[in-house]
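Asker: With my numbering, letter number 33 in the sequence shown gets 20, and the count goes up by one each step, no holes.
Backbone N, C-alpha and C define an ideal beta-carbon position, used for all residues, glycine too.
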Amino acid sequence: MVKANQTSRTKVNRRQFLRQSVSLGACSFFIPYLYSSSQPARAEGVNDKITVAAIGTSEYRAGIWDNEQPFDGRGSQIGRKAGSLGLMLAVADVHRPFAERFAAYYPGQCKVYQDYREVLADPGIDAVTIGTPDHWHAKIAIEAMKAGKHVYVEKPLTLTMEESRLIAQAARETGQIVQVGSQQRTENETFIRAAALCRSGRLGSRLAIRCSCPANESIAKKGVFDDRTPFQTQPVPEGLDWNAWLGPAPWREYVPERCFYNFRWWLDYSGGEITNWGGHNVDFAVWAVNATEDAPVEISGTGTFPGIDGWYDTAESFDVLFKYENGNTLQLCSGPNEVIISGEKGRIRVNRGRLTGKPVEQLTKQDEESLAAVINDLMKGQAPGDHMKNFFDAIKLNRQPVSDVASTVSGINMCHMANICLRLGRPLRWNQKAYEFEGDQEATAMISRERRKGFEIEM
-12 MVKANQTSRT
-2 KVNRRQFLRQ
8 SVSLGACSFF
18 IPYLYSSSQP
28 ARAEGVNDKI
38 TVAAIGTSEY
48 RAGIWDNEQP
58 FDGRGSQIGR
68 KAGSLGLMLA
78 VADVHRPFAE
88 RFAAYYPGQC
98 KVYQDYREVL
108 ADPGIDAVTI
118 GTPDHWHAKI
128 AIEAMKAGKH
138 VYVEKPLTLT
148 MEESRLIAQA
158 ARETGQIVQV
168 GSQQRTENET
178 FIRAAALCRS
188 GRLGSRLAIR
198 CSCPANESIA
208 KKGVFDDRTP
218 FQTQPVPEGL
228 DWNAWLGPAP
238 WREYVPERCF
248 YNFRWWLDYS
258 GGEITNWGGH
268 NVDFAVWAVN
278 ATEDAPVEIS
288 GTGTFPGIDG
298 WYDTAESFDV
308 LFKYENGNTL
318 QLCSGPNEVI
328 ISGEKGRIRV
338 NRGRLTGKPV
348 EQLTKQDEES
358 LAAVINDLMK
368 GQAPGDHMKN
378 FFDAIKLNRQ
388 PVSDVASTVS
398 GINMCHMANI
408 CLRLGRPLRW
418 NQKAYEFEGD
428 QEATAMISRE
438 RRKGFEIEM
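(1) Expressed to the nearest angstrom, what Euclidean distance is found between the alpha-carbon atoms of N230 and R180?
(2) Tell me the DSSP secondary structure of S321 in three-state form.
(3) Under a three-way DSSP split, which group does Q428 fall into?
(4) Taking 7 Å as the limit between beta carbons, can you name the residues of its chain near S256, skipping five residues before and five after?
(5) Check whether the Cβ atoms of T147 and V337 lie closer than 8 Å to each other.
(6) Just confirm the distance between the C-beta atoms of S329 and A195, as a whole number of angstroms; I'd bet it's less than 8 Å.
(7) Express the C-alpha separation of A91 and T291 in angstroms, rounding to a whole number.
(8) Which partner residues of E46 appear in the DSSP bridge assignment?
(9) Closest by CA to E46, which one among R339, V39 and G60?
(10) Is the number of C-beta pairs between the stretch 35 to 43 and the stretch 112 to 119 that are closer than 8 Å three or more?
(11) Should A79 be labelled buried (16 or more other beta-carbon atoms within 10 Å of its own) or exposed?
(12) Measure the C-alpha to C-alpha separation of H374 and C402 and round it to an integer number of angstroms.
(13) Going by Cα to Cα distance, which pick from V39, K36, R88 and I37 is closest to P57?
(14) For F218, I'd like the list of residues in its chain whose CB is within less than 7 Å of its CB, leaving aside the five on either flank, ordered along the chain.
(15) Identify, in the order they occur along the chain, each residue of the same chain with its Cβ nearer than 6 Å to the Cβ of V276, setting aside the five sequence neighbours on each side.
(16) Here's the rule: buried if 16 or more other CB atoms are within 10 angstroms of the residue's CB, otherwise exposed. What is W232?
(17) Taking T395 as the reference, which of V140, E425 and W253 has the closest Cα?
(18) With distances taken from CA atoms, which of S304, W417 and R239 is nearest N203?
(19) Flag this pair as yes or no: are the beta carbons of T301 and W253 separated by less than 8 Å?
(20) By the three-class DSSP mapping on this structure, what secondary structure does R152 have?
(21) Shortest alpha-carbon distance to G344 belongs to which of R215, G333 and D35?
(22) Counting only runs of 4+ residues fully inside the stretch 217 to 271, write out the alpha helix (DSSP H) ranges in chain order.
(23) Would K142 pass as a contact of G259 if the rule is Cβ separation under 8 Å?
(24) Which partner residues does G294 have in the DSSP bridge list?
Structure representation (structure tokens):
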């Protein structure tokens, strides 16, 4: 197994040398030779497997997305995927029954913890998955990197713009491999082809992007904002360390609707649909138009908030416009779950099921071959189709994955900017070099949040 310390990079390279290749298996719509290897991959033994641990392994209750039975939460889903590719040695969850449920899939192999720090202290673990609520992502990811672990962290990457800056700094300084859970970059043919069309210049150079996403998900077969009765505090469930669940967020009495899946609708822990589905679609759009190292200079928009004490407080609806220095624009708004990109040469519409528009219809066989080369560059020479495998391959090859921290910070920061703009109710100007909102101290103060004592981020 790979040792999770300063020698890990050398050991990974030695495995790479022995193999000469990683089995990448391109999807059918790509030109196969771009991902092929001249030598076969050697069968992987137990001692070669990347050792992993899962941090945050919730179970979603019945009713979410109209499911009739409880089912794996996102943290459990990514943890199990990592366990299928590596050797799952440990799990940590502040709700111990969730951790025990997860570990039962690996009898006699997976240690159970309630405190994630015990996972990070284990030198035998190479990588961790982080599927906690958003307000814990940055702190755990930074500490994991500093402990010599590679990190797969769910999207949205951060809760604040300050955390984005800190997590990017940690990734640079430690050199650990970090994959952000923005799987639309690797697992959806429609989005990958759309990105290649944009990068190839077939839409033009002056671009207007519209990222829309649902503002009212279905929970328990009704809209999350439909029942507007204030929530009541309840006893903390057995096995849940509520203080640890809150972590850096302000102290609140336990309310079931604050945690598990519904944490997304509280500003203490997340950013609502703006960072949930908006986090997916904005990340894709910024990546597709090659603006990951850029930032908008103007932000304006309108939105509505519930305004009910003791109830969800993220935006119910929103329409925010970002303007770039080069004239390009990006709109983030409530609506169908899709992205529309328009330029002087053409327009495309994309979601997880379809990619449409004349630039797609007019592609020739020669165009398709050209796009395959662009896709190869977008995938950094690795095969599309499996986001977690892209992470594992990046570790083995000692190279950045497709959704690395540096290329995902800009998109999630725009989502944070949108929330700041809507909460203040006024247009903003952003200065990326100074990392502040120009002439607006109140907005700049919202870049960061005070963390509870004992839950600070130490760099």
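Answerer: Let me spell this out:
(1) Counting from 1 along the sequence shown, the entry for residue 230 is found at position 243. Counting from 1 along the sequence shown, the entry for residue 180 is found at position 193. Rounded to whole angstroms, N230 to R180 spans 45 Å at the Cα level.
(2) Start at 1 with the first residue of the sequence shown, and residue 321 comes out as number 334. Looking at S321 - three-state DSSP - the assignment turns out to be strand.
(3) Along the sequence shown, read from residue 1 onward, the residue named residue 428 stands at position 441. Reduced to three states, the DSSP call for Q428 is helix.
(4) Taking the sequence shown and counting its residues from 1, the one referred to as residue 256 is at position 269. It is Tyr, not Ser, that sits at residue 256 in the sequence shown. Closer than 7 Å at the Cβ level, and outside the excluded window around Y256, lie P120, D121, H122, A236 and F250.
(5) Position 160 of the sequence shown holds residue 147. Position 350 of the sequence shown holds residue 337. Not closer than 8 Å, so no.
(6) The residue you call residue 329 lines up with position 342 of the sequence shown. The residue you call residue 195 lines up with position 208 of the sequence shown. Correct: roughly 5 Å between the Cβ atoms.
(7) Reading the sequence shown from its first residue, position 304 is the one you call residue 291. Reading the sequence shown from its first residue, position 104 is the one you call residue 91. Their backbone Cα atoms lie some 44 Å apart in a straight line.
(8) Locating residue 46 in the sequence shown gives position 59, where the first residue counts as 1. BP columns for E46 point to D59.
(9) Counting from 1 along the sequence shown, the entry for residue 46 is found at position 59. Out of R339, V39 and G60, G60 has the C-alpha closest to the C-alpha of E46.
(10) yes
(11) Along the sequence shown, read from residue 1 onward, the residue named residue 79 stands at position 92. Looking at its Cβ environment, which holds 16 or more other Cβ atoms inside 10 Å, A79 is buried.
(12) Residue numbering aside, residue 374 sits at position 387 when the sequence shown is read from its first letter. Residue numbering aside, residue 402 sits at position 415 when the sequence shown is read from its first letter. Answer to the nearest angstrom: the Cα atoms are 22 Å apart.
(13) Counted from its first residue, the sequence shown places residue 57 at position 70. Residue R88 is the option with its Cα nearest to P57.
(14) One-based indexing of the sequence shown puts residue 218 at position 231. V242, E244, G297 and W298, listed in sequence order.
(15) Working through the sequence shown from its first residue, we reach residue 276 at position 289. The beta carbon of V276 sits closer than 6 Å to those of C185 and L194, all from its chain and outside the five residues before and after it, given in chain order.
(16) Position 245 of the sequence shown, counting from 1, holds the residue named residue 232. Counting Cβ neighbours within 10 Å, W232 comes out buried, since at least 16 surround it.
(17) To locate residue 395, count along the sequence shown from 1; it is residue 408. Nearest option by C-alpha distance: V140.
(18) Reading the sequence shown from its first residue, position 216 is the one you call residue 203. The shortest Cα separation from N203 among S304, W417 and R239 belongs to S304.
(19) Mapped onto the sequence shown, residue 301 falls at position 314. Mapped onto the sequence shown, residue 253 falls at position 266. In contact: T301 and W253 (Cβ atoms closer than 8 Å).
(20) Here residue 152 refers to the residue found at position 165 when the sequence shown is read from its first residue. Helix.
(21) The residue labelled residue 344 in the question sits at position 357 within the sequence shown. Ranking R215, G333 and D35 by Cα distance to G344 puts G333 first.
(22) As far as the stretch 217 to 271 is concerned, its whole alpha helix (DSSP H) runs of at least 4 residues are 229 to 233.
(23) Residue 142 sits at position 155 when you count from the first residue of the sequence shown. Residue 259 sits at position 272 when you count from the first residue of the sequence shown. Against a cut-off of 8 Å, the Cβ pair of G259 and K142 comes out as no contact.
(24) In the sequence shown, residue 294 corresponds to position 307, counting from 1. Note: G294 sits in no beta bridge, so no partner.
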